[in-house]
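In what follows, a single structure is set out as C-alpha cells and then discussed.
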Amino acid sequence: MKIGTREIGPGQPPYVIAEIGVNHDGEVSRALELTEAAAKAGADAVKLQYFETDRLLSKASKLAAYQKAAGETDPVAMLRRLELSLD
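Throughout the sequence shown, residue numbering follows this note's numbering, covering 213 to 299 in sequence.
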C-alpha cells in the first residue's frame, strides 16, 4: 500500500500519525502550528477532528465532570468554540 509516495507495510518504517484532535481550540492558526510541530517531530501525517456541533450533539447533552471542573457551563457552546470550518 502507498500513501503518497510512501510505501506502507511489512519491512517499511512505521507511518506515524500525530493526533491533534481538538487541541487547535477551533483556531486554524493553532492547527497549522501543531501540524508544523508534528512534522518537525517526524510525524508523517496529522489527524484533526472536524465536526459540526449541531449535527454531533443534542441540545439536551450534559457536561462531563472534567468539563465542569475546567469551568465549562454549556456543552453546545464548548463544542462550537472547537469547530473548524472546511475553508
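A virtual CB, placed ideally from N, CA and C, is assigned to each residue, including glycine.
Values in this document were obtained by computation on a predicted structure and should not be read as measured data.
- prompt: How long is the line joining the alpha carbons of glutamine 261 and threonine 247, rounded to whole angstroms?
  reply: 13 Å
field: Beta-carbon spacing of alanine 243, leucine 294 below 8 Å
entry: Taking 8 Å as the Cβ cut-off, alanine 243 and leucine 294 do not qualify as a contacting pair.
query: By how many angstroms is the C-alpha of alanine 230 removed from the C-alpha of lysine 259?
result: 6 Å
- request: Output yes if chain C places a C-beta closer than 8 Å to the C-beta of alanine 277; else output no.
  value: You won't find chain C in this structure, because it holds only one protein chain.
- prompt: From Phe263, Leu269 and Ala251, pick the residue whose C-alpha is nearest to that of aspartate 237; which is it?
  reply: Phe263
query: Does DSSP put glutamate 284 in a helix, in a strand, or in coil?
result: For glutamate 284, the three-state secondary structure derived from DSSP is coil.
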